[in-house]
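Read through the structure below, which is laid out as structure tokens, and then see the notes.
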Amino acid sequence: MALDGIVTRAIVHELQAVVGARINKIHQPSPNDIIIQLRSSGGNRRLLLSANPTYPRVQFTEQSFPNPLEAPMFCMLLRKYCESGIIESVTQVGMERIIHFDVRQRDELGDVSLKRLVVELMGRHSNIILLDPVTGIQLEGIHHVTPAISGFRVVMPGFTYTEPPQQHKLDPLNAKKEDFQKAFPSALEENQGPGWLVAAFSGLSPLMAEEIYLRAYGQQESKDEEREPEKLWVAFDRLMTEIREHRYNPVTGENAKGKSIFSAVKLTLIQGEMQTYNSISECMEDYFGEKALRDTVKQKTSDLLRFLQNERNKNIKKMSNLENDLAEADDAERYRIWGELLLPSLHTISKGDRSAELVNYYDEDQKTETIPLDPLLTPSENAQRYFKKYNKFKNSLAVIDEQMEKTKEEISYLEGLLQQLSFATLSDVDEIREELIQQGYLRDRAKKGKKKKKTDRPTLHVYTSSEGIDICVGKNNLQNEYVTNRLAGPNDTWLHTKDIPGSHVVIRSSNFGDTTLNEAAQLAAYFSQAKESSSVPVDCTLIRYVRKPSGAKPGFVIYDHQRTLFVTPDEQLIKRLPTAVKNG
3 MALDGIVTRA IVHELQAVVG ARINKIHQPS PNDIIIQLRS SGGNRRLLLS ANPTYPRVQF
63 TEQSFPNPLE APMFCMLLRK YCESGIIESV TQVGMERIIH FDVRQRDELG DVSLKRLVVE
123 LMGRHSNIIL LDPVTGIQLE GIHHVTPAIS GFRVVMPGFT YTEPPQQHKL DPLNAKKEDF
183 QKAFPSALEE NQGPGWLVAA FSGLSPLMAE EIYLRAYGQQ ESKDEEREPE KLWVAFDRLM
243 TEIREHRYNP VTGENAKGKS IFSAVKLTLI QGEMQTYNSI SECMEDYFGE KALRDTVKQK
303 TSDLLRFLQN ERNKNIKKMS NLENDLAEAD DAERYRIWGE LLLPSLHTIS KGDRSAELVN
363 YYDEDQKTET IPLDPLLTPS ENAQRYFKKY NKFKNSLAVI DEQMEKTKEE ISYLEGLLQQ
423 LSFATLSDVD EIREELIQQG YLRDRAKKGK KKKKTDRPTL HVYTSSEGID ICVGKNNLQN
483 EYVTNRLAGP NDTWLHTKDI PGSHVVIRSS NFGDTTLNEA AQLAAYFSQA KESSSVPVDC
543 TLIRYVRKPS GAKPGFVIYD HQRTLFVTPD EQLIKRLPTA VKNG
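Residues 3 to 586 (the numbering used here) are what the sequence shown spells out, left to right.
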């Protein structure tokens, strides 16, 4: 992970802008993330603290996050001890990936109290801990670490806070040339390459160590470091000077192996295009934002995903069985003929015969027909058996056709939900879960008497076209129903991918140009099962020609008077469109 002590130092330097800011609101949109809304003379900012095991970070964010109806315990304690408080200081512990936020607040009695929020950005061991800095007693942690998990440190209310184990490395910002040269020979003996810098100095990631070597020796394959350690020291010292003086230049790009990387300083090892940013928060927002959201949603939807895939597989198997039944039912007429051929020929057949060779009078050529018999039945019982089969299959044909139609609709519905989960936000997932409860697929596990969110006004995703016109996108069936059947006017334009599961898209205007129409079609294609395809067919028509059949599944509509556009989804175009999320 590229989030090392240097990136942490850049974050803390940027966060000095909020020292003195007041904490306005706190909410916890997911088990790993805390959102703090800050108010200061410089304006309002939104701060993200994340203990995500894969993407831990602290940054300013412009993203919208849902605010759960019921706050988790950790969030409620943060509100109690930090809301309306003033941030007194933001500091880094040495060059470690640990940030301290000291918050001063007046309690219910009017007494001033000081609390410390410790954010540990330690990969899968990441945590956010609230404690009393005077006593060192922990009030709560976003992730508990019990004595059974760790014998070194416990993260639970009432226990004294213990810092993560010290690594006893050199401080790279204060390292002297003698310290550097002292550690250098042993590294050569062990043939560690750039890795010795990571082992010797705190806060350096393998990425930074590789960058220092590249700045010192370029792309030369010979072991110049054995002859010229001075070059390595100069490159190291110059980089540390940039960090000491807070001369950051955040960038993202790809290394020689094609792996996406980011850094608080400019990297010479980036191959190809390099993206630069005005702040480390902008850099991390771009690098982590979509990845972290997808990861969080994936965790939250794992049970839904498994359920929907199982239901789809069951229906696919059911469809296969129905097709087999249909093939058998198609033989119904043959069973009638066999029964009628057997009746006048009972005297020529004996019990125990396994077949009978009879002339088929229903055939124009009157060919001989071999009729299989059950040797345990009498000739009369064999004839009756075929008449029963005929009647059974004749009656079942209509039922099979009806069941096949319902099963096809069910498979289409489930595939639509799976597609919606693939680009759902956290609030969208809750609405999909609510829909499955309403449709009877899932049991409502909410406590009795607990108030539930009304779904008559679900989350609304609104994009603004280049011409300044609102384009509403439904990202699940509850949103699709609301956008199409309640929000849109009869002269608004409705778009949807042709015969492909996807979002309902509505242009909220009757007066727009080709640019808006193309952007709306792009949205319809992008938020569909054909996202990765080219020349995706998108139907568009007026809302007045769109209707929902009686008894149809949520999100299902029929329409006419459409024309079809063909577009290739452009992700960069979608990202450039201004967007807003309106909850309820």
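For glycine and all other residues, C-beta sits at the position ideal for the given N, C-alpha and C.
So residue 41 and residue 63 are in contact, right, with Cβ under 8 Å, and what is the actual spacing, rounded? About 16 Å separates the CB atoms of residue 41 and residue 63; that is not less than 8 Å, and the two are not in contact.
Helix, strand or coil, according to DSSP, for residue 541 in the structure here? Of the three classes helix, strand and coil, the one that applies to residue 541 here is strand, per DSSP.
Would you mind giving the Cβ-Cβ distance between residue 149 and residue 156, rounded to the nearest angstrom? I have them listed as a contact below 8 Å. Contact flag correct, Cβ pair sits at about 6 Å.
Start-to-end residues for the beta strand (DSSP E) that takes in residue 358: That run of the beta strand (DSSP E) goes 357-361.
Same chain, Cβ closer than 8 Å to residue 414, neighbours up to 5 away in sequence not counted: Excluding positions up to five away in sequence, the list reads 503.
Which residue comes first and which comes last in the beta strand (DSSP E) that contains residue 107? Residue 107 -> beta strand (DSSP E) spans 100-108.
Output the residue ranges of the beta strand (DSSP E) runs that lie fully inside the region 127-170 and measure 3 residues or longer, sorted by chain position. If we require 3 residues or more, the beta strand (DSSP E) runs fully inside the region 127-170 come out as 129-133, 140-143.
Mind checking whether residue 309 and residue 238 have CB atoms under 8 Å apart? No, the pair does not count as a contact, with Cβ atoms beyond the cut-off.
Based on Cα-Cα distance, which residue from 323, 376, 377, 341 lies nearest to residue 360? Ranking 323, 376, 377, 341 by CA distance to the CA of residue 360 puts 341 first.
Using a Cβ-Cβ cutoff of less than 6 Å, which residues in the same chain neighbour residue 521 once the five nearest sequence positions on both sides are dropped? Around residue 521: 467.
By Cβ distance below 7 Å, which residues in the same chain neighbour residue 483 in space, the five residues on each side in sequence not counted? Closer than 7 Å at the Cβ level, and outside the excluded window around residue 483, lie 556, 557.
Find out if the Cβ-Cβ distance for the pair residue 250, residue 12 is shorter than 8 Å. The answer is yes: Cβ separation under 8 Å.
For residue 266 and residue 37, the rounded distance between their alpha carbons: When rounded, the separation of the alpha-carbon atoms in residue 37 and residue 266 is 23 Å.
Among residues of its own chain, excluding the 5 on either side of residue 1, which ones have a beta-carbon nearer than 6 Å to its beta-carbon? There is no way to answer for residue 1, as the model of the chain reaches only from 3 to 586.
Where the beta strand (DSSP E) through residue 498 begins and ends: From DSSP, the beta strand (DSSP E) with residue 498 extends over 495-499.
Is residue 461 near residue 433, with beta carbons less than 8 Å apart? At the C-beta level, residue 461 and residue 433 come within 8 Å of one another.
Would you mind stating whether residue 175 and residue 245 have Cβ atoms separated by less than 8 Å? Yes, the pair counts as a contact, with Cβ atoms nearer than the cut-off.
In the DSSP assignment, find the alpha helix (DSSP H) that holds residue 298 and state where it starts and stops. Run containing residue 298: 282-331, per the alpha helix (DSSP H) assignment.
Identify, in the order they occur along the chain, each residue of the same chain with its Cβ nearer than 7 Å to the Cβ of residue 227, setting aside the five sequence neighbours on each side. Because residue 227 carries a pLDDT of 47, less than 50, the predicted location of this residue cannot be relied on, and no value is offered for it.
Can you tell me which of 215, 471, 382 puts its alpha carbon nearest to the alpha carbon of residue 350? Out of 215, 471, 382, 382 has the C-alpha closest to the C-alpha of residue 350.
Please classify residue 261 as buried or exposed, where buried requires at least 16 other C-beta atoms within 10 Å of its C-beta. Answer is exposed; the Cβ neighbour count stays below 16.
Return the bridge partner residues of residue 122 from the DSSP annotation. Per the DSSP secondary-structure output, residue 122 pairs in a beta bridge with 100, 129.
Using the beta-carbon count (16 or more within 10 Å), is residue 54 buried or exposed? Result: buried.
Does DSSP put residue 556 in a helix, a strand or coil? Residue state, collapsed to three classes: coil.
By the three-class DSSP mapping on this structure, what secondary structure does residue 86 have? Residue state, collapsed to three classes: coil.
From residue 444 to residue 305, what distance separates their C-alpha atoms? Looking at the backbone, the Cα of residue 444 and that of residue 305 are separated by about 11 Å.
Could you tell me whether the Cβ atoms of residue 485 and residue 527 are closer together than 8 Å? Going by C-beta atoms, residue 485 is not nearer than 8 Å to residue 527.
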